[in-house]
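Q:
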Amino acid sequence: MSEKTTQLKVSAIRNGTVLDHIPSRSVFAVVDILDLSRSENPVTIGSNLESRTLGHKGIIKIADRFFEDSELGRIALLAPDATVNVIRDYEVVEKKKITLPETVVGIAKCSNPMCVTNHQRVTTRFSTIIEAKKVKLLCHYCEKTTEEFIPLRH
Ligand code: CTP
Ligand code: ZN
Numbered sequence: 000m001s002e003k004t005t006q007l008k009v010s011a012i013r014n015g016t017v018l019d020h021i022p023s024r025s026v027f028a029v030v031d032i033l034d035l036s037r038s039e040n041p042v043t044i045g046s047n048l049e050s051r052t053l054g055h056k057g058i059i060k061i062a063d064r065f066f067e068d069s070e071l072g073r074i075a076l077l078a079p080d081a082t083v084n085v086i087r088d089y090e091v092v093e094k095k096k097i098t099l100p101e102t103v104v105g106i107a108k109c110s111n112p113m114c115v116t117n118h119q120r121v122t123t124r125f126s127t128i129i130e131a132k133k134v135k136l137l138c139h140y141c142e143k144t145t146e147e148f149i150p151l152r153h
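Numbering (numbering that gives the first Met the number 0), first residue to last: 0 to 153.
(1) Following the continuous beta strand (DSSP E) through Ala62, name the residue where it begins and the one where it ends.
(2) Rounded to whole angstroms, what's the CA-CA distance from Pro150 to Leu136? Just pull it up for me.
(3) Where does Lys32 fall in DSSP's three states?
(4) If we count the other Cβ atoms within 10 Å of its Cβ and call it buried at 16 or more, is Arg51 buried or exposed?
(5) Does the distance between the C-beta of Lys96 and the nearest non-hydrogen atom of the ligand ZN fall short of 7 Å?
(6) In three-state terms, what does DSSP make of Val9?
(7) Check whether the Cβ atoms of Ile74 and Ile32 sit closer than 8 Å, and answer yes or no.
(8) Cβ-heavy atom distance between Asn47 and the ligand ZN below 7 Å?
(9) Please list, in chain order, all residues with a C-beta atom less than 6 Å from at least one heavy atom of the ligand SAH.
(10) Quick one: what's got a C-beta closer than 8 Å to Cys114's C-beta in the same chain, skipping five residues either side?
(11) Bridge partners for Ser50 per DSSP, in chain order?
(12) Around the C-beta of Ser69, are 16 or more other C-beta atoms found within 10 angstroms, so that it is buried, or is it exposed?
(13) With a CB to CB cut of under 6 Å and the five nearest residues on each side skipped, what residues in its chain are close to Val156?
(14) Alpha carbon to alpha carbon, how far is Gly72 from Val134? Give it in angstroms, no decimals.
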């Protein structure tokens with residue numbers, strides 16, 4: 000009996016950045032946080048792709064774009080285990096891990112409905128803390144802890 004296999008291929012890029020091993024549920028939030036919908040570079044997005052280690056994963060390829068570590072730190076809350084592959088002339092020349100920044104400014108929403116940041120045009124600011132292996136956000140204004148990362152829409 001012949002078995003048909005269907006393979007989804009996302010093409011290789013010549014130069015740029017490949018964000019790999021992103022949890023599928025976070026792919027589009029990562030796109031938002033890196034503001035890729037406004038990018039003029041070719042961007043390829045894959046979600047729910049098969050992965051040997053994660054079951055399913057997401058992948059984002061951005062041609063001709065190289066990110067600063069500080070920009071990549073913004074996705075630490077959504078995809079802490081993502082691999083950042085730097086591609087030059089079709090070769091992976093560097094593999095970086097995401098590092099959790101000490102502060103998270105302007106990208107997350109405070110979960111406290113009473114917080115000033117939910118009532119006035121104040122840029123949100125949190126310190127990151129790790130509790131029971133989970134990243135939590137301590138609000139600079141109301142000092143409440145936000146357990147789940149809620150991206151602010153820009
Ligand atoms: N990639 C790409 N274009 C290239 C080279 C690599 O898009 N010119 C992508 C690959 O498709 C893969 C990622 O970059 O998703 C990392 O490539 P590579 O290190 O070759 O793959 P793996 O060994 O599977 O990576 P890892 O060990 O991090 O899972
Ligand atoms: Zn707050």
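Virtual Cβ for every residue (Gly too), placed ideally from N, Cα, C.
A: In this structure, then:
(1) Gly54 to Ala62
(2) 12 Å
(3) A quick correction: the sequence has Ile, not Lys, at residue 32. Ile32 falls in the helix class under three-state DSSP.
(4) exposed
(5) no
(6) coil
(7) yes
(8) no
(9) The ligand SAH is absent from the structure shown, which contains only the ligand CTP and the ligand ZN.
(10) Cys138, Tyr140, Cys141 and Lys143
(11) Gly54
(12) exposed
(13) Nothing in the structure corresponds to residue 156, since the chain is present only between 0 and 153.
(14) 13 Å
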